[in-house]
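The block underneath contains the structure these notes are about, expressed in structure tokens.
Residue numbers (my numbering): 15 to 194.
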């Protein structure tokens with residue numbers, strides 16, 4: 015069994031993560047972060063920062079997380095529900111997630127970077143997307159539209175104001191206790 019904890023990280027200042035002891039016990043220690051929001055199994059930190067997809071990925075990994083992936087529609091729908099609840103503070107910019115493609119302007123050939131699995135559900139794209147982002151749109155985000163979740167392709171290396179989501183997968187062991 016596994017549990018996935020998502021953290022919206024939108025600041026490259028390590029104090030917001032390590033200084034508040036948000037790692038590794040996210041649920042317990044997030045209360046020390048004044049503006050963190052908890053929704054189901056997600057934590058959202060509503061800040062926007064000028065960064066790139068690649069820098070966001072590296073930041074997540076350097077703190078023991080991964081850039082978030084949503085392998086099921088249920089996971090994706092949880093994000094949509096939280097958008098409705100926190101729409102005034104979150105999702106005001108594009109949100110970077112852990113998807114990539116090897117084919118520019120492809121609507122079908124996107125995969126999750128950590129599992130290597132192709133995105134198995136129908137992706138709903140923003141108007142005129144994917145557009146290749148001037149020949150560099152190999153990385154995935156979703157847009158700031160509040161009432162729906164629509165994907166957007168973008169350059170992996172160009173910096174703009176984005177939010178991003180990191181996730182931590184925790185494995186749980188089943189214990190068997192035998193009474194003799």
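C-beta atoms are modelled at their ideal positions from N, C-alpha and C, and glycine is treated no differently.
Q. Helix or strand or just coil, what does DSSP make of residue 155?
A. Note: residue 155 maps to strand in three-state DSSP.
Q) In angstroms, rounded to a whole number, what distance separates the CA positions of residue 167 and residue 109? A) In a straight line, the C-alpha of residue 167 is about 11 Å away from that of residue 109.
Q: My understanding is that residue 138 touches residue 125, with C-beta atoms under 8 Å, so please give their C-beta distance in whole angstroms.
A: With 8 Å as the limit, residue 138 and residue 125 do not qualify as a contact, their Cβ atoms being about 17 Å apart.
(Q) So, with DSSP's three-state summary, where would you put residue 73? (A) It is helical.
Q | residue 165 - partner residues in DSSP beta bridges | A | Answer by DSSP bridge pairing, in chain order: 139 and 156.
Q. From what residue to what residue does the beta strand (DSSP E) around residue 64 run?
A. Unbroken beta strand (DSSP E) run through residue 64: 63-65.
(Q) Using only the alpha-carbon positions, how far apart do residue 154 and residue 114 sit? (A) Taking C-alpha positions only, residue 154 is separated from residue 114 by approximately 6 Å.
Q: Return the residue from the list 179, 181, 175 and 180 that minimises the CA-CA distance to residue 64.
A: When only C-alpha atoms are compared, the closest one is 175.
Q: Take residue 123 and list the residues in its own chain whose beta-carbon comes closer than 6 Å to its own, dropping the five residues that flank it on each side.
A: The residues are 115 and 117.
**Q.** Through-space distance from residue 165 to residue 90, alpha-carbon basis
**A.** Whole-angstrom Cα-Cα distance: 11 Å.
Q) For residue 82 versus residue 127, is the C-beta spacing smaller than 8 Å? A) Against a cut-off of 8 Å, the Cβ pair of residue 127 and residue 82 comes out as no contact.
**Q.** Cβ separation of residue 170 and residue 67, assumed to be a contact under 8 Å, to the nearest whole Å
**A.** Rounded to whole angstroms, the Cβ separation of residue 170 and residue 67 is 5 Å, and the two are in contact under 8 Å.
(Q) Closest to residue 131 by C-alpha separation, out of 143, 75 and 85, would be which residue? (A) The residue from 143, 75 and 85 with its alpha-carbon nearest to that of residue 131 is 85.
Q: Apply the 10 Å Cβ neighbour rule to residue 71 and answer buried if 16 or more other Cβ atoms are within range, or exposed otherwise.
A: Counting Cβ neighbours within 10 Å, residue 71 comes out buried, since at least 16 surround it.
Q | Length of the line joining the Cα atoms of residue 92 and residue 140 | A | Each residue's Cα considered, the two are about 19 Å apart.
Q. Quick one: what does DSSP say residue 111 is sitting in, helix, strand or coil?
A. In this structure, residue 111 counts as strand in the three-state DSSP scheme.
Q: Classify residue 95 as buried or exposed, calling it buried when 16 or more other Cβ atoms lie within 10 Å of its own Cβ.
A: Exposed.
Q | Host beta strand (DSSP E) of residue 125 (start-end) | A | Its beta strand (DSSP E) spans residues 124-126.
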